[in-house]
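Visitor:
Numbering (this note's numbering), first residue to last: 761 to 898.
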């Protein structure tokens, strides 16, 4: 079999397309949650932090400040490190489905082996984000 001149280009396009399959996507609530989950599982915590909503990041920053003050100022905890510290890897997700979407807010149902739970998502200028701010309130 003889390779034509276009064959290397086709192979390059296929490889480029396959390389984008695991890129984080934030265009839909389901894609955003799936991307967040994948980033956490791979240990890409800086990117996973970016997949959290601004209110969630702010609430975690406040918690880190409280921890720092409780330590008498000796500890300056980083919010991202505080959030992801000592967290076991999340279970494999079998399904992420849209429960409801109204404007810039949505709820997705996340199913994992033997369990399911709803997660609030919010749309920000950079795309859909995981919003845990309500569960972080004291």
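By construction, the Cβ of each residue, glycine as well, lies at the ideal position given by its N, Cα and C atoms. Everything numeric in this text was worked out from a predicted model, so none of it was measured.
In chain order, which beta strand (DSSP E) runs of at least 3 residues are fully inside the stretch 800-884?
Guide: Listed in chain order, the complete beta strand (DSSP E) runs (minimum 3 residues) inside the stretch 800-884 are 853-862, 865-872 and 875-884.
Visitor: How about residue 870 and residue 890: do their beta carbons lie closer than 8 Å?
Guide: Result no, Cβ atoms of residue 870 and residue 890 do not sit closer than 8 Å.
Visitor: Look at residue 837 and residue 819 and say whether their C-beta atoms are less than 8 Å apart.
Guide: No, Cβ-Cβ distance for residue 837 and residue 819 is not below 8 Å.
Visitor: Just the Cα atoms here: how many angstroms apart are residue 879 and residue 811?
Guide: Residue 879 and residue 811: Cα-Cα distance of roughly 13 Å.
Visitor: Any contact of the stretch 857-871 with the stretch 840-847, i.e. 3+ C-beta pairs under 8 Å?
Guide: The stretch 857-871, when compared against the stretch 840-847, does not touch it at the 8 Å Cβ threshold.
Visitor: Can the beta-carbon of residue 887 be found less than 8 Å from the beta-carbon of residue 786?
Guide: Yes, Cβ-Cβ distance for residue 887 and residue 786 is below 8 Å.
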